[in-house]
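Since the structure comes first, as structure tokens, the remarks are kept for the end.
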Amino acid sequence: MEVKMKIGIIGAMHEEIMELKNSMTNINEVQISNLKFYEGKLCSKDIVLVESGIGKVNAAISTTLLISQFKVEKIIFTGVAGAVNPEIKVTDIVIGTDLVESDMDVTAGGNYKLGEIPRMKSSNFKADPYLFTLAESVAKKLFGSDKVYKGRIISRDEFVASSEKVNKLREIFSAECVEMEGAAVAHVCEVMNIPFIVIRSISDKADDEAGMSFDEFVKIAARNSKSIVEGILSIIK
């Protein structure tokens with residue numbers, strides 16, 4: 001007998017959630033303050049979908065509401081990111097093993113590293129192993145092993161568009177990609193004991209051409225992420 005569960009799905013932008021929303025059935029729209037949540041079915045699973053808005057605070061608010069108001073049991077964050085690993089190409093996939101808030105900086109206040117959050121047991125938030133295994137398997141079947149990367153994803157309230165900066169971030173954090181929400185989602189899930197996974201499709205190289213590349217590839221990257229989410233939902237237990 002299949003165990004019923006409710007899964008929260010988050011995307012930061014309209015482009016990242018609309019194809020998922022268009023594939024849902026039995027949609028019930030719930031508005032909480034300025035946020036719209038879409039309850040319904042996708043791949044025969046009960047889901048709640050939300051466009052969080054851009055940035056770590058927006059992502060944390062949406063994640064908290066999914067857990068506290070909708071009682072979701074697992075969370076998938078999907079969307080686009082800029083590559084930090086120079087081997088990663090536009091439209092490749094990155095599945096986060098762990099996430100770090102790379103703009104957290106209290107190095108002037110004590111013996112702390114960049115990205116380290118004071119008075120927390122850990123500052124790198126690890127993805128759920130089961131969800132990670134599903135995501136990796138689905139992504140490789142859809143796009144091939146050479147298009148799928150796994151490793152650290154870093155988040156910061158900044159659109160990185162500098163080759164110099166991206167090289168520095170790679171050196172400091174050994175990250176695969178950089179975005180603006182995932183670590184906040186992971187932080188909330190860690191505190192509230194909710195399994196999570198963050199899946200990113202690469203829209204740009206986070207370099208000096210990032211702005212133009214993002215505009216060109218964001219829709220393709222979002223479609224890739226959507227395919228992985230649907231693949232996970234079709235086999236998750």
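So for the sequence shown, the UniProt record's numbering puts the first residue at 1; every next one is plus one. Ideal placement from N, C-alpha and C gives every residue a C-beta, glycine not left out.
Buried or exposed for residue i, going by 16 or more other Cβ atoms inside 10 Å?
i: Ser-203; result: buried
i: Ala-108; result: exposed
i: Lys-226; result: buried
i: Gly-110; result: exposed
i: Met-1; result: Caution applies to Met-1, whose pLDDT of 41 falls short of 50 and renders its modelled position unreliable; the value that the coordinates give is listed next. With fewer than 16 other Cβ atoms within 10 Å, it is exposed.
i: Gly-182; result: buried
i: Ser-145; result: exposed
i: Ile-67; result: buried
i: His-187; result: buried
i: Asp-105; result: exposed
i: Asn-58; result: buried
i: Ile-93; result: buried
i: Ile-194; result: buried
How long is the line joining the alpha carbons of residue i and residue j, rounded to whole angstroms?
i: Asp-215; j: Ala-12; result: 15 Å
i: Lys-41; j: Ala-221; result: 23 Å
i: residue 238; j: Pro-118; result: Because the chain is modelled from 1 through 237, residue 238 falls outside the range shown and cannot be assessed.
i: Lys-237; j: Val-30; result: 26 Å
i: Ser-122; j: Leu-233; result: 29 Å
i: Leu-114; j: Glu-16; result: 29 Å
i: Ser-44; j: Ile-235; result: 10 Å
i: Asn-124; j: Ala-184; result: 11 Å
i: Ser-52; j: Leu-134; result: 24 Å
i: Lys-141; j: Ile-199; result: 15 Å
i: Gly-55; j: Arg-156; result: 8 Å
i: Ala-60; j: Ile-154; result: 15 Å
i: Val-229; j: Ile-76; result: 8 Å
i: Ser-201; j: Leu-20; result: 15 Å
i: Ile-27; j: Tyr-38; result: 6 Å
i: Ala-139; j: Glu-116; result: 30 Å
i: Leu-131; j: Glu-158; result: 28 Å
i: Val-160; j: Phe-143; result: 26 Å
i: Phe-217; j: Ser-23; result: 21 Å
I'd like the span of the alpha helix (DSSP H) that includes residue i, first residue to last.
i: Val-160; result: No alpha helix (DSSP H) contains Val-160, which DSSP labels as neither H nor E.
i: Val-138; result: 129-143
Relative to the C-alpha of residue i, which residue among the options is closest?
i: Val-80; options: Ile-235, Cys-177, Gly-231, Ala-186; result: Cys-177
i: Lys-150; options: Thr-64, Lys-74, Asn-85; result: Asn-85
i: Lys-126; options: Val-100, Ala-139, Met-120; result: Val-100
i: Glu-136; options: Ile-95, Lys-21, Ala-83, His-14; result: Ile-95
i: Glu-87; options: Val-166, Val-198, Phe-37; result: Val-166
i: His-14; options: Asn-34, Ala-139, Val-50; result: Val-50
i: Asp-46; options: Val-160, Gly-8, Asn-22; result: Gly-8
i: Asn-34; options: Leu-65, Lys-21, Thr-25, Lys-4; result: Leu-65
i: Val-148; options: Met-24, Phe-173, Ala-83, Met-18; result: Ala-83
i: Arg-152; options: Ala-161, Phe-159, Glu-171, Ser-163; result: Glu-171
i: Met-180; options: Tyr-130, Ser-102, Gln-69, Asn-224; result: Ser-102
i: Pro-129; options: Phe-196, Ile-10, Asn-22; result: Phe-196
i: Thr-97; options: Thr-25, Ile-10, Ser-174; result: Ser-174
i: Glu-73; options: Met-18, Lys-6, Leu-169, Asn-224; result: Lys-6
Quick check on the DSSP output: the beta strand (DSSP E) that includes residue i runs from which residue to which?
i: Lys-150; result: 148-155
i: Lys-6; result: 6-11
i: Asn-124; result: 124-126
Is any heavy atom in the ligand MG found nearer than 6 Å to the beta carbon of residue i?
i: Tyr-112; result: For the ligand MG, the structure offers nothing, since it holds no ligand at all.
Handout entry: Unbroken stretches of the beta strand (DSSP E), 3 residues or longer, contained in the segment 16-102
Key = 25-32, 35-42, 45-51, 74-83, 93-101
Practice task
Pick out the complete beta strand (DSSP E) segments inside the segment 162-201, 3 residues or longer, and give them in chain order.
Solution key: 175-179
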